[in-house]
Amino acid sequence: MFDKQVYISRRKRLLEQVREGVILLLGNSEASCNYPDNQYQFRQDSSFLYFFGLDKPDLAAVIDAESGEEWIFGDDVDIDDIIWMGPQPLIADQAATVGVSKTAPLARLADCLKAAQTKGRTIHFLPPYRNHNKILLNRLLGLPLDGLRAAASVDLIKAVVALRLIKEPCEIEEIDKACNLGYAMHLTAMKMMRLGMVEQELVGVMEGVCKSGGVMTSFPTILSQRGETLHNHMHDAVLTEGNLCVIDAGVEIASHYCSDNTRTLPTGGKFTPKQKDVYEIVLTANDYAREAARPGVTYREVHLGASKIIVQGLKNLGLLHGDVDEMVAAGVQGLFMPHGLGHNMGIDVHDMEDLGENYVGYDPGQERSKQLGLGSLRMARKLVPGHVITDEPGIYFIPALIEKWKTEGHNAQYIDFAKLEGYYGFGGIRLEDDLLITPGGSRLLGAKRLPITVEEIENTMYKD
Ligand code: GLY
Ligand code: MN
Numbered sequence: 010m011f012d013k014q015v016y017i018s019r020r021k022r023l024l025e026q027v028r029e030g031v032i033l034l035l036g037n038s039e040a041s042c043n044y045p046d047n048q049y050q051f052r053q054d055s056s057f058l059y060f061f062g063l064d065k066p067d068l069a070a071v072i073d074a075e076s077g078e079e080w081i082f083g084d085d086v087d088i089d090d091i092i093w094m095g096p097q098p099l100i101a102d103q104a105a106t107v108g109v110s111k112t113a114p115l116a117r118l119a120d121c122l123k124a125a126q127t128k129g130r131t132i133h134f135l136p137p138y139r140n141h142n143k144i145l146l147n148r149l150l151g152l153p154l155d156g157l158r159a160a161a162s163v164d165l166i167k168a169v170v171a172l173r174l175i176k177e178p179c180e181i182e183e184i185d186k187a188c189n190l191g192y193a194m195h196l197t198a199m200k201m202m203r204l205g206m207v208e209q210e211l212v213g214v215m216e217g218v219c220k221s222g223g224v225m226t227s228f229p230t231i232l233s234q235r236g237e238t239l240h241n242h243m244h245d246a247v248l249t250e251g252n253l254c255v256i257d258a259g260v261e262i263a264s265h266y267c268s269d270n271t272r273t274l275p276t277g278g279k280f281t282p283k284q285k286d287v288y289e290i291v292l293t294a295n296d297y298a299r300e301a302a303r304p305g306v307t308y309r310e311v312h313l314g315a316s317k318i319i320v321q322g323l324k325n326l327g328l329l330h331g332d333v334d335e336m337v338a339a340g341v342q343g344l345f346m347p348h349g350l351g352h353n354m355g356i357d358v359h360d361m362e363d364l365g366e367n368y369v370g371y372d373p374g375q376e377r378s379k380q381l382g383l384g385s386l387r388m389a390r391k392l393v394p395g396h397v398i399t400d401e402p403g404i405y406f407i408p409a410l411i412e413k414w415k416t417e418g419h420n421a422q423y424i425d426f427a428k429l430e431g432y433y434g435f436g437g438i439r440l441e442d443d444l445l446i447t448p449g450g451s452r453l454l455g456a457k458r459l460p461i462t463v464e465e466i467e468n469t470m471y472k473d
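In my numbering, the protein residues as written are 10 to 473.
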């Protein structure tokens, strides 16, 4: 948790943008796994954490945007709770640590909101993503469950996005720490990988490193030799010579700031010439994006620049024919990289996606493409200092997608489908770093960059 002035200042800046009505921010509750008392690890709502810092279940906050009055609603523990959980600080004491002086039991939240509704005041709330909070909002505000996202306050969403998008120095410090732990987690896997291991063995060790210094992974770990499946969560295969293994994993540290890195490793420790050819294209695209990402440039432009490198590289390999700019405009790169170059990262690994991807990643007036790949770009905005983004180009050979384009004749004039058949079974390559946009350009987050060149990877694997 940061100093209370951090939270006070954030709330003050929020009220500079939302000037009327009442702001309701709901924390999260425990979520049961298979029976009520067996719960998933508790994860606080990120916007609640951002403005109120308190990392406990069943809290809600209300800010009167006109008077500036702030309340935290929550229940003090009773003796039954203390028996199981131990003593807990009073809600009033917790609230004081983040500069809030007014507290009340959770049951009083309904009266507070009812009073505002009776006066015809707007109640601003964020789009709920957990069923518990959907039901709560339905009961508190009398809104239909299936209309809650649409009824969420666009003014509040935009204000929260504007604040959270630009990371403060104290946040960058936390993200640097998360990236340092992410580094240790990835490096462990890189050193430990051996032929004959089951993928899950590496996942277990990586997640152990993550847990030993943090609280959880920032998303379910992707570690697979079938890396052409973008989010492959199967880890049951034996590591076999000649394969590439995509490892896309991040950590969430105690402050809940995240890291997200991807490396693609040759299972036997040495790339084949064919793998190296494709790997170098992805690496060039990754390096280009880091260099090109700077204030004033849109990340959409950087995505398209990286796409150009990928198309040029695949053309050099004889898999594509034609004018590179024309192919990029036609979206040929989507066959090989059907995802965007990157996303915002912060307290969420895909920061604020609960608020709506377009609000987070697109400037007003910026249209989202419908093209495969570019349409999945989650961060397209003009870059400004303080943005934290991922740089994660990739090349994948997805037989089902290639066959589909072939059957449909989609962009067929540019693509050598016969030659591409030689890449069925190749898998995929993704290389992901985390970047902070600085006044002069960008910098990698974390103290050290994970090994990434062919030489660095080969010199790290199978060494001890
Ligand atoms: N690294 C996982 C993702 O960005 O979706
Ligand atoms: Mn990512």
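Beta carbons: idealized from backbone N, C-alpha and C, even for Gly.
To the nearest angstrom, how far is the alpha carbon of residue i from that of residue j?
i, j, result
"Thr131", "His141", "22 Å"
"Val393", "Ile88", "51 Å"
"Pro153", "Leu23", "27 Å"
"Lys379", "Val291", "23 Å"
"Ile446", "Asp425", "38 Å"
"Leu165", "Gly62", "18 Å"
"Pro460", "Asn468", "9 Å"
"Ala116", "Gln26", "29 Å"
"Leu150", "Gly36", "16 Å"
"Val333", "Pro402", "17 Å"
"Ala113", "Ala389", "42 Å"
"Gly156", "Gly213", "41 Å"
"Gln321", "Arg458", "26 Å"
"Gly223", "Ser56", "20 Å"
"Arg173", "Phe435", "39 Å"
"Thr230", "Leu145", "31 Å"
"Asp102", "Leu68", "14 Å"
"Asp185", "Gly395", "13 Å"
"His419", "Val341", "9 Å"
"Val463", "Ser233", "19 Å"
"Thr82", "Ile175", "It should be pointed out that residue 82 corresponds to Phe in this sequence rather than to Thr. So the two alpha carbons sit approximately 28 Å from each other."
"His240", "Asn147", "33 Å"
"Arg52", "Asp269", "18 Å"
"Ile411", "Leu344", "7 Å"
"Gly351", "Gly305", "17 Å"
"Ile17", "Ala301", "36 Å"
"Asp84", "Ile100", "7 Å"
"Ser38", "Pro66", "5 Å"
"Thr226", "Arg309", "28 Å"
"Thr238", "Gly349", "15 Å"
"Tyr297", "His242", "29 Å"
"Ile181", "Gln97", "30 Å"
Strictly by DSSP, which residues pair up with residue i?
i, result
"Cys267", "Glu261"
"Lys391", "Thr307"
"Leu253", "Pro275"
"Val291", "Bridge partners of Val291: none, in fact."
"Leu323", "Looking at the DSSP assignment, Leu323 forms no beta bridge with any residue, so it has no partner."
"Met225", "Glu261"
"Leu329", "Ile424"
"Glu79", "Ile72"
"Ile231", "Asp257"
"Val247", "Val207"
Among the options, whose alpha-carbon lies nearest the alpha-carbon of residue i?
i, options, result
"Leu122", "Asp73, Val169, Tyr297, Ile91", "Asp73"
"Phe11", "Glu78, Lys21, Gly108, Val71", "Gly108"
"Glu183", "Lys324, Ser264, Glu29", "Ser264"
"Thr307", "Arg377, Ala339, Asp269, Asn241", "Arg377"
"Ile404", "Asn420, Gln422, Ala427, Tyr433", "Tyr433"
"Leu248", "Gly259, Met225, Asp84, Gly236", "Gly236"
"Ser162", "Thr399, Val311, Ile32", "Ile32"
"Gly374", "Ser385, Leu383, Gly382, Lys391", "Lys391"
"Arg28", "Met94, Glu78, Arg158", "Glu78"
"Ala339", "Arg299, Gly327, Leu383", "Leu383"
"His133", "Arg158, Asp54, Gly331, Met243", "Arg158"
"Glu177", "Ile466, Val397, Glu412", "Val397"
"Ala104", "Asn295, Val71, Leu204, Gly95", "Val71"
"Ala187", "Cys267, Tyr138, Ser110, Thr399", "Cys267"
- Contact between the region 448-456 and the region 357-373 (3+ Cβ pairs under 8 Å): Touching, no.
- Task: Can you check the region 431-456 for any alpha helix (DSSP H) of at least 4 residues that lies completely inside it and give the ranges in chain order?
- Result: Here no run is fully enclosed.
- Task: Taking 8 Å as the threshold, find out whether the region 362-370 comes into contact with the region 313-323 through three or more Cβ pairs.
- Result: Because the criterion of three Cβ pairs below 8 Å is not met, the region 362-370 and the region 313-323 do not touch.
- Task: Evaluate contact between the region 218-228 and the region 187-204, counting only Cβ atoms and requiring at least three cross-stretch pairs below 8 Å.
- Result: By the Cβ criterion, the region 218-228 is in contact with the region 187-204, since at least three pairs of Cβ atoms, one from each stretch, lie closer than 8 Å.
- Task: Kindly confirm or deny that the region 432-448 and the region 282-299 touch, where touching means at least three C-beta pairs closer than 8 Å.
- Result: Segments in contact, yes.
- Curious, which full-length beta strand (DSSP E) runs of at least 3 residues does the region 336-411 contain? Listed in chain order, they are 397-400, 403-405.
- alpha helix (DSSP H) segments (min. 4 residues) lying fully within the region 148-220: Given a length threshold of 4 residues, each whole run of the alpha helix (DSSP H) inside the region 148-220 is given here in chain order: 157-160, 163-174, 178-201.
- Let me know the beta strand (DSSP E) ranges lying completely inside the region 82-147, each 3 residues or longer, listed in chain order. Fully enclosed beta strand (DSSP E) runs of 3 or longer: 111-113, 132-134.
- Item | the region 237-257 touching the region 265-278, judged by at least three CB pairs closer than 8 Å | Enough Cβ pairs lie closer than 8 Å, so yes.
- What are the start and end residues of each continuous alpha helix (DSSP H) run of 4 or more residues lying completely inside the region 42-74, in chain order? Whole alpha helix (DSSP H) segments, 4+ residues: 55-61.
- Message: Could you tell me which whole beta strand (DSSP E) segments of length 3 or greater appear in the region 15-42?
- Response: Listed in chain order, the complete beta strand (DSSP E) runs (minimum 3 residues) inside the region 15-42 are 31-35.
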